[in-house]
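S.K.:
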Amino acid sequence: MYEDAFAVLKNADCDFFDIYLENSFVRLVEAKSGEIENIKISHDRGVGVRTVKGFSVLYSSSFDISEKNVYEMSKFLTSISNLNSSGAFVLSESKEKSVGMCDEYKPHVDKIKAIYDDFCSEAYKNKEIKQVSMTFSDRLKNVEIINETGEHLKEKRIYTVLYFEITAADKDNYQTFRRPFSYLGGFECFENMDFKKMAVETSEKLIELLHAPPLKARSMTVVLSSNAGGTMIHEAVGHGLEADLVYESMSVYKDKLGQKVANEKITVVDDSTRPKMRGSFYFDDEGTKSQNTLLIENGILKGYMFDKMYAKFAGKEPTGNARRESFRFPPIVRMSNTYILPGNDNPEEIIASVDDGLFVVRMGGGQVNPATGDFVFEVAEGYTIKSGKIGHMVRGATLIGNGPKVLEEIDMVGSDFGVEVGTCGKGGQGVPVTDGEPTLRIPSIMVGGSAL
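Structure follows, in structure tokens:
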């Protein structure tokens, strides 16, 4: 396949190249107010051709996947590359294509509607629950890559997402809980879940949050539950270990290889080999095999995440962290499944060690500056800790701090482990990721909240 295009690219003056072919089928079901509101099926197919010389990236994408068109795309890019271009150049003629509902999809909708009905049947029993929304999406993504090695790699990836959003309100305020579930796999991932039980538990938590008092802003001890899922590690630490940000002097971890950057109890990895994890794959989007990359070991910075371009520049091996949202985009350095590995501390003893603090069960959104590591994160679900006991829920709390400083100050690392799923945005692209961590104790961090 694409032998003529390959020959043109192979003879070009470039460090490496790839032809990326994608054929995707997406099904989306949205429900609200007790009913299915929207069903969409879309088919997306296209090809991208990329050449790289130093830091010069030339990329073209098209819906036309024919041998002739890919050959012409390749000739065009190589003619530009021979002019010693610098920087990035992207030529695209891609547009989304969608089709309507088809008969073979209807049985699947019935299963999704049954899940939503089960959830609503319990959630709406409480009059303060005003809205239950659900989004189901699955994407079958068939990928083929031909690169400068002559390999023709093929992979089928199925991303399945189930997302609930529940809103409660009284006369004074309203609150929202979000529960995402996602796997690298099909609908079978959800078949053994008890959605009625989940609705009861989630509704109870939301009502508790609705009536929870605000937390007074101050510095305190914070325990991050393993259920918090590593959001802070992903945002405040993970991006700073991506090689493009490091070597473009946009990371606080630049020039710190071999140095102590965290408590000796902290080990961080990025592992795209984990089965069924949302950020996993067999090979990345320029054809490098997936791997478990050690980033921080016992507090010492051991490595960064690399694509081919930055690996060549740094004299390192690529780590399989080149990812793209679709054929419309060239790959860039991205995380996959990023974790703090479990330690040896008993999670119950971690909580018992705190006289006065905050127990964070779930994180919300936030912002981070990768050049400094400074961050602000919302606490979606948090509880007071008094004399080693978990107390009442609080609302409106935020964590304000610095990622590298927090890593150094964490002094207890639990033997448990939990994950959270998401879509990571960078460079105008979104890719599926998983974040994970054990229970962690931060001795002192600024917690924002009420001024009262």
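According to our numbering, the stretch in the sequence shown is residues 1257 to 1708, in order.
Think of the CB as a built atom: it goes at the ideal place given N, C-alpha and C, for glycine as much as any other residue.
Everything numeric in this text was worked out from a predicted model, so none of it was measured.
1) As a quick exercise: from Leu1466, Thr1594, Glu1291, Gly1514, pick the residue whose alpha carbon is nearest that of Pro1389.
2) Between Lys1331 and the rest of its own chain, which residues show a CB-CB distance below 6 angstroms, the 5 nearest in sequence each way excluded?
3) Determine contact between the segment 1688–1707 and the segment 1540–1559, defined as no fewer than three beta-carbon pairs at a distance below 8 angstroms.
4) With which residues is Ala1424 paired in a DSSP beta bridge?
5) Can you give the beta carbon distance from Val1617 to Ala1484, rounded, assuming they're within the 8 angstroms contact cut?
6) I need the DSSP call for His1490, collapsed to helix, strand or coil.
7) Can the beta-carbon of Val1517 be found closer than 9 angstroms to that of Pro1699?
8) To the nearest angstrom, report how far apart Tyr1639 and Val1650 are at their CA atoms.
9) Kindly list the residues whose CB is nearer than 7 angstroms to the CB of Thr1307, restricted to its own chain and excluding five residues on each side of it in sequence; keep chain order.
10) Does the contact criterion of 3 or more C-beta pairs under 8 angstroms hold for the segment 1521–1532 versus the segment 1550–1562?
11) Kindly indicate the opening and closing residues of the alpha helix (DSSP H) around Pro1660.
12) Have a look at His1709 and Val1303 and give me their C-alpha separation to the nearest angstrom.
13) State whether the segment 1525–1537 contacts the segment 1584–1597, with contact taken as three or more CB pairs (one from each stretch) at a distance under 8 angstroms.
14) Check whether the Cβ atoms of Met1454 and Ala1499 sit closer than 9 angstroms, and answer yes or no.
15) Nearest by alpha-carbon distance to His1408: which of Asn1382, Met1257, Met1668, Met1702 is it?
16) In the structure shown, what three-state DSSP assignment does Phe1615 receive?
17) Would you grab the beta carbon distance between Val1610 and Val1479 for me? Rounded to a whole angstrom, and I think it's under 8 angstroms.
18) Excluding five sequence neighbours on each side, which residues of the same chain lie with their C-beta closer than 6 angstroms to the C-beta of Val1624?
19) Need the endpoints of the beta strand (DSSP E) that Cys1553 sits in, please.
20) Rounding to the nearest angstrom, what Cα-Cα distance links Ile1701 and Asn1600 in this structure?
21) For Ile1636, which of helix, strand or coil comes out of DSSP?
22) Do the CB positions of Thr1416 and Phe1375 come within less than 9 angstroms of each other?
23) In the DSSP assignment, the alpha helix (DSSP H) including Met1565 goes from what residue to what residue?
24) Below 8 angstroms on the Cβ atoms is my contact criterion, and I expect Gly1496 with Pro1626 to pass it. Report the Cβ-Cβ distance as a whole number of Å.
25) Can you tell which of Asp1511, Phe1583, Ile1641, Met1619 has the C-alpha that lies nearest to the C-alpha of Met1476?
26) Report, in whole angstroms, the separation of the C-beta atoms of Leu1462 and Ala1425, which I expect to be a contact under 8 angstroms.
27) Span of the beta strand (DSSP E) holding Ala1608?
28) Give every residue of the same chain whose Cβ lies closer than 7 angstroms to the Cβ of Ser1643, excluding the five residues on either side of it in the sequence, and list them in chain order.
29) Is Met1390 helix, strand or coil by DSSP?
30) Can you tell me which of the three DSSP states Gly1496 falls into?
M.R.: To lay it out plainly:
1) Before going on, a small fix: residue 1389 reads as Ser here, not Pro. When only C-alpha atoms are compared, the closest one is Glu1291.
2) In chain order, Val1264 place their CB closer than 6 angstroms to the CB of Lys1331, counting only its own chain and leaving out the 5 sequence neighbours on each side.
3) Short answer: they don't touch.
4) For Ala1424, which the question treats as bridged, DSSP gives the partners Ile1385, Gln1431.
5) With 8 angstroms as the limit, Val1617 and Ala1484 qualify as a contact, their Cβ atoms being about 7 angstroms apart.
6) DSSP places His1490 in helix when its eight states are reduced to three.
7) One thing to note: Val1517 has its Cβ no nearer than 9 angstroms to the Cβ of Pro1699.
8) Each residue's Cα considered, the two are about 6 angstroms apart.
9) Non-local beta-carbon contacts of Thr1307 in its own chain, meaning distances under 7 angstroms to residues more than five positions away in sequence, involve Leu1265, Ala1268, Cys1270, Phe1273, Leu1314, Leu1333, Thr1334, Ser1337 in chain order.
10) Contact holds: three or more Cβ-Cβ distances are below 8 angstroms.
11) 1659–1665 is the span of the alpha helix (DSSP H), which, as asked, contains Pro1660.
12) The first residue shown for the chain is 1257 and the last is 1708, placing residue 1709 beyond what the model contains.
13) The segment 1525–1537, when compared against the segment 1584–1597, does touch it at the 8 angstroms Cβ threshold.
14) Against a cut-off of 9 angstroms, the Cβ pair of Ala1499 and Met1454 comes out as no contact.
15) When C-alpha distances from His1408 are compared across Asn1382, Met1257, Met1668, Met1702, the shortest belongs to Met1257.
16) Assigned with DSSP and collapsed to three states, Phe1615 falls in strand.
17) In this structure Val1610 touches Val1479 by the C-beta definition: roughly 6 angstroms separates them, less than 8 angstroms.
18) For Val1624, where only same-chain residues beyond five positions count, the Cβ hits under 6 angstroms are Glu1491, Ala1492, Phe1631.
19) Per the sequence shown, residue 1553 should be read as Glu rather than Cys. Residues 1548–1553.
20) The alpha-carbon separation between Ile1701 and Asn1600 amounts to approximately 23 angstroms.
21) Residue 1636 is actually Ala in this sequence, not Ile. Strand.
22) Judged by their CB atoms, Thr1416 and Phe1375 are not nearer to each other than the 9 angstroms cut-off.
23) Residue range 1564–1570 is occupied by the alpha helix (DSSP H) that includes Met1565.
24) Gly1496 to Pro1626, Cβ: 5 angstroms. Contact.
25) Cα-wise, what sits closest to Met1476 is Ile1641.
26) At roughly 10 angstroms, the Cβ-Cβ gap does not stay under 8 angstroms, so Leu1462 and Ala1425 are not in contact.
27) From DSSP, Ala1608 is part of no beta strand (DSSP E) but of the alpha helix (DSSP H) over 1603–1608.
28) Same-chain partners within the cutoff: Asp1611.
29) In the three-state scheme derived from DSSP, where H, G and I count as helix and E and B as strand, Met1390 is classed as strand.
30) Helix.
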